[in-house]
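In what follows, a single structure is set out as structure tokens and then discussed.
As structure tokens, then:
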């Protein structure tokens, strides 16, 4: 790292309250939200809030493996390795914000995170010192909660307008269907929020579906913001919901767009991306002329940008976490020759350190009021912490597959490797809202199928390749499918089709030609039948009444000793 880049990292970290080696730390319990003004062009960025209007608990992952060239590099560092990499003091508020370490005790100490009423207070505070700052939404905003599902995304659309969002891109938004997306963009957002996606085209004539970019004048400087929607939407989510649209990374088209806005006079070019951080890092190495990629999808809270070299210079690549837990701030010093310098901060949003904005809180209370009885109904009590995030499993995922196997009398169960979903502390009541936080999608049907041992292996191999392919452009999904009842071994370093071995059910090897009863949910095919997953989980919870700590069914992982992306 060059001296200038180190100084940027030092400035970013200290502004976020992080203590790097040789730097002083004013407080280990409070975040400094008083960010010194720098430069003349500023962007705020949040992403992957997954419709969480209220403050929540959220546990960061203890497993986020990198393979190939990504081993040991951000975002694939967790726990103590993460603290060491960024110089964060153990036991501090920052350590709790960015890592899973001591989650239960730290959550009690520092309280909940996020909440739009607290987030907007921070947005307003930053805009007070930077009146021209733009607020960028990285997508996965309209989905992930009961109220978002029940209002067809309207609660989040209205909340984002009240938050002051200027521009956004998308992913899970598309699971409301093409017609609903077009309705919101053309009606609700008209004159207020620009919806950008350079990589979404019609399947017939390849016409742009949405505006690819926006040109803005900011303090006398011409700036371009380009949108990059999740490139694998029709693979990771139902194709039939967006039948006439094509997606993809399309970095050749991205290069043409960058060249176009530069030719129009853009002195700074920013991409709001939902690629995922590894894909953004590769794209940054291939496309010249982008100053910064403000990324999402993989939910990685990165305190400082990664500086990527390419034929045209250097590009900053960031990722701003999830669930409304962080607000990123990028300050640029832009002149006639382009970007001269920058400062970057990723600010944790601690709800007990930021006052709730009265206007936003009133809106949230109003939109939730008709549903409070349903949301707050206690279904059971959890004796252990419940969470989702991690490459292979989480305790809430384990709860879901346990429920599926028992209610459906299945040999084993699959649950998607979704990254979204809130966390609970031991002793908390599991309410319907908490269940919906894990399951609120528009294709929630439960399926029961007969799969051969060969088919089971094929499914695991396909998902493993989506996660662990050494080429980021072939990483097309979320985390590994969660498996109940089945034990297996995985070697993330192996080639496609050869990562999964030693599959066992109750200690007995899975037989290739034998048929097994498999329960699952979230089928991407059109016309699937079955009750919604939340009904199955609710039935199970109500019968149990008290949920003992879940025993995680995780695979035996080969070849990862010493990998800083896993905490053994």
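Numbering (the numbering used here), first residue to last: 549 to 1116. C-beta atoms are modelled at their ideal positions from N, C-alpha and C, and glycine is treated no differently. Note that this is a predicted model, so its numbers are computed, not measured.
Quick one: what's got a C-beta closer than 7 Å to residue i's C-beta in the same chain, skipping five residues either side?
i	result
residue 1094	928, 929 and 931
residue 1200	Here the chain comprises residues numbered 549 to 1116, so residue 1200 is not present and cannot be evaluated.
residue 850	622, 623, 866, 867 and 894
residue 625	633, 1112 and 1113
Can you tell me which of the options puts its alpha carbon nearest to the alpha carbon of residue i?
i	options	result
residue 495	784, 776 and 898	With the chain running from 549 to 1116 in the structure shown, residue 495 is simply not present.
residue 1061	956, 999 and 621	999
residue 875	955, 577, 591 and 800	591
residue 767	724, 814, 810 and 753	814
residue 847	1090, 1010, 645 and 1091	645
residue 897	1048, 816, 855 and 660	660
residue 1068	992, 867, 667 and 794	992
residue 823	857, 784 and 1041	784
residue 594	586, 614 and 714	714
residue 923	798, 693, 956 and 1034	693
residue 911	937, 942, 577 and 695	695
residue 806	1084, 855, 863 and 779	863
residue 708	596, 851, 615 and 854	596
residue 1083	886, 983 and 653	983
residue 899	871, 1049, 752 and 629	871
residue 936	686, 608 and 691	608
residue 680	614, 736, 769 and 778	769
residue 986	948, 1047, 915 and 1013	948
residue 925	883, 981 and 1043	981
Can you look up residue i in the DSSP assignment and give me helix, strand or coil?
i	result
residue 581	coil
residue 674	helix
residue 591	strand
residue 1175	Given a span of 549 to 1116 for the chain in the structure shown, any question on residue 1175 remains unanswerable.
residue 574	At residue 574, the pLDDT of 38 sits below 50, so the modelled position is not reliable and the matter cannot be decided from this model.
residue 1064	strand
residue 653	helix
residue 754	coil
residue 993	strand
residue 981	helix
residue 947	helix
residue 638	coil
residue 552	Reliability of the predicted coordinates at residue 552 is poor, the pLDDT of 43 falling under 50, and the value obtained from them is presented with this limitation in mind. DSSP places residue 552 in helix when its eight states are reduced to three.
residue 569	Residue confidence for residue 569 is low, a pLDDT of 33 falling below 50, so the modelled location carries little weight and cannot support an answer.
residue 1069	strand
residue 668	helix
residue 721	helix
residue 988	coil
residue 1004	helix
residue 1090	helix
residue 560	With a pLDDT of 41 at residue 560, under the threshold of 50, the modelled position of that residue is not reliable, and the figure given next carries that caveat. Note: residue 560 maps to helix in three-state DSSP.
residue 953	helix
residue 1104	strand
residue 618	helix
Could you please give the first and the last residue of the uninterrupted alpha helix (DSSP H) stretch that includes residue i?
i	result
residue 632	627-634
residue 896	Element bounds for residue 896: not the alpha helix (DSSP H) but the beta strand (DSSP E), 886-896.
residue 921	920-923
residue 698	694-698
residue 832	825-834
residue 907	906-916
residue 806	799-811
residue 729	726-731
residue 841	It is not in any alpha helix (DSSP H) - residue 841 instead sits in the beta strand (DSSP E) that spans 840-843.
residue 705	702-711
residue 784	781-784
DSSP beta-bridge partners for residue i?
i	result
residue 1081	For residue 1081, which the question treats as bridged, DSSP gives no partner whatsoever.
residue 1034	1053
residue 771	764 and 816
residue 926	979
residue 863	856
residue 776	821
Within its chain, find whatever has a CB closer than 8 Å to the CB of residue i; leave out the 5 residues flanking it on each side and keep chain order.
i	result
residue 554	For residue 554, the predicted structure reports a pLDDT of 37, less than 50, and the residue's modelled location is therefore unreliable. A value from the coordinates is still provided. Excluding positions up to five away in sequence, the list is empty.
residue 569	The pLDDT assigned to residue 569 is 33, lower than 50, so where the model puts this residue is not dependable, and the model offers no usable value.
residue 728	700 and 701
residue 1064	959, 960, 998, 999, 1000, 1001, 1004, 1053 and 1058
residue 904	663, 665, 666 and 669
residue 957	1065
Could you give the first and the last residue of the continuous beta strand (DSSP E) run that contains residue i?
i	result
residue 646	Residue 646 -> not in any beta strand (DSSP E); alpha helix (DSSP H) instead, spanning 641-646.
residue 876	874-883
residue 685	682-685
residue 966	Element bounds for residue 966: n/a, residue is neither H nor E.
Step through the CB atoms of chain B and report whether any lies within less than 8 Å of the CB of residue i.
i	result
residue 1079	The structure shown contains no chain B, having only a single protein chain.
To which residues of the same chain is residue i closer than 6 Å at the C-beta, ignoring the five residues directly before and after it?
i	result
residue 678	590
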